[in-house]
Amino acid sequence: MRERQKCVAPRALPRGRSLRVALFALGAATLPSLATALPFWLKLPENVSTYGGQIDGLFYLILWITGVIFVVVEALLIFFLFRYRRREGKPARYTHGSNRLEVIWTIVPAVICVVLAMMSRRSWAEIKQSMPQGAMNVEIVAEQFAWNLRYPGADGKLNTPDDVQSLNQMHIPVGRPVVVSLKSKDVIHSFFLPEFRVKQDAVPGMTTRIWFEATRVGNWEITCAELCGLGHYRMKGFITVETPENFEKWLADQAAEAAKEADQSS
Ligand SMILES: [Cu+2]
Numbered sequence: 588m589r590e591r592q593k594c595v596a597p598r599a600l601p602r603g604r605s606l607r608v609a610l611f612a613l614g615a616a617t618l619p620s621l622a623t624a625l626p627f628w629l630k631l632p633e634n635v636s637t638y639g640g641q642i643d644g645l646f647y648l649i650l651w652i653t654g655v656i657f658v659v660v661e662a663l664l665i666f667f668l669f670r671y672r673r674r675e676g677k678p679a680r681y682t683h684g685s686n687r688l689e690v691i692w693t694i695v696p697a698v699i700c701v702v703l704a705m706m707s708r709r710s711w712a713e714i715k716q717s718m719p720q721g722a723m724n725v726e727i728v729a730e731q732f733a734w735n736l737r738y739p740g741a742d743g744k745l746n747t748p749d750d751v752q753s754l755n756q757m758h759i760p761v762g763r764p765v766v767v768s769l770k771s772k773d774v775i776h777s778f779f780l781p782e783f784r785v786k787q788d789a790v791p792g793m794t795t796r797i798w799f800e801a802t803r804v805g806n807w808e809i810t811c812a813e814l815c816g817l818g819h820y821r822m823k824g825f826i827t828v829e830t831p832e833n834f835e836k837w838l839a840d841q842a843a844e845a846a847k848e849a850d851q852s853s
């Protein structure tokens, strides 16, 4: 019986073990450099917002930290399942565990969380806690299942008779910050502009202000990122970023069209 036990559980050579540890450490250290080699379905959409780079940097950092921890934990789980499987003639050893290990795996994640909180503090303050000067104001009221937009007219003020309204079509000038006052008529919606790294809930009874600035001209989609009812899937809008001249022309055209319609109906 004793001889059999010896055959079943050969002891690993210390040299082999240190080689494995070294290889593992090398792999874990070089993984983040592969961020650019991610498959397309793991990559974020293109970024067309001034602060998108900061958010992406934090996002990829968190992805790599949690990704490496996930792979290590799952690999160890599978390894231990195999290594300590039930074997004939080998009684189980009951153990309380290791206080030192428990302290380590409590302190390390806590330190990682504090470092991440400190790293994201500046971006959070810049993006969420202050609104830029000289921004253009737009009001967006979400409803089942559309986005109602309101632009200030010639007086530059919202909620005056010369406001310009638009349904599901957002136009903004490139290179100028836009402050959106977000509201909801019915249920909670979520105003989501993936390429601008903007996602904000629209909550009934509340006005939430968010801002962003486009870095280039183009067309993208507005989606609702909150399951808001049966028509949620079709709650889609379009955002067009254009040159300041084209934007002013679009705004003037919309105002002229609205004036014409008002004339016809009176
Ligand atoms: Cu919605």
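Numbering-wise, this note's numbering comes out as the position in the sequence shown, counting from 1, plus 587. All residues carry an ideal CB built from backbone N, CA and C; glycine is no exception.
Based on the DSSP secondary-structure assignment, which residues constitute the bridge partners of residue 780?
785
When the distance is taken between beta carbons, is residue 761 closer than 9 Å to residue 701?
no
I need the straight-line Cα distance from residue 726 to residue 632, nearest angstrom please.
26 Å
What residue does the alpha helix (DSSP H) around residue 859 start on, and which one ends it?
Coverage of the chain is limited to positions 588 through 853, which leaves residue 859 absent and any answer about it impossible.
Stretch-stretch touch, CB-based, cutoff 8 Å, three pairs: the stretch 723-741 with the stretch 661-672:
no
Contact test: residue 822 Cβ vs ligand 1 heavy atom, cutoff 8 Å
yes
Any heavy atom of ligand 1 closer than 8 Å to the CB of residue 853?
no
Could you tell me the alpha carbon to alpha carbon distance between residue 834 and residue 807, rounded to whole angstroms?
16 Å
Tell whether a beta-carbon distance below 9 Å holds between residue 723 and residue 763.
yes
DSSP has residue 824 in a bridge; who is on the other side?
809
Burial state of residue 772 (16 or more Cβ within 10 Å)
exposed
Identity of the residue in 645, 828 and 795 nearest residue 710 by Cα:
645
Out of curiosity, what's the CA-to-CA distance linking residue 768 and residue 793?
10 Å
With residue 765 as the anchor, note down where its beta strand (DSSP E) starts and where it stops.
765-771
Buried versus exposed, by CB contacts within 10 Å (16 or more), residue 783
buried
Run through DSSP, which three-state label would residue 760 get?
strand
Residue 726 CB to nearest heavy atom of ligand 1 below 8 Å:
no
Return helix, strand or coil for residue 736, following the three-state DSSP convention.
strand
With burial defined as no fewer than 16 other Cβ atoms inside 10 Å of the residue's Cβ, what is the status of residue 741: buried or exposed?
exposed
Using the Cα positions of residue 696 and residue 647, report the straight-line distance between them to the nearest angstrom.
17 Å
Taking 9 Å as the cut-off, decide whether the C-beta atoms of residue 634 and residue 802 are in contact.
yes
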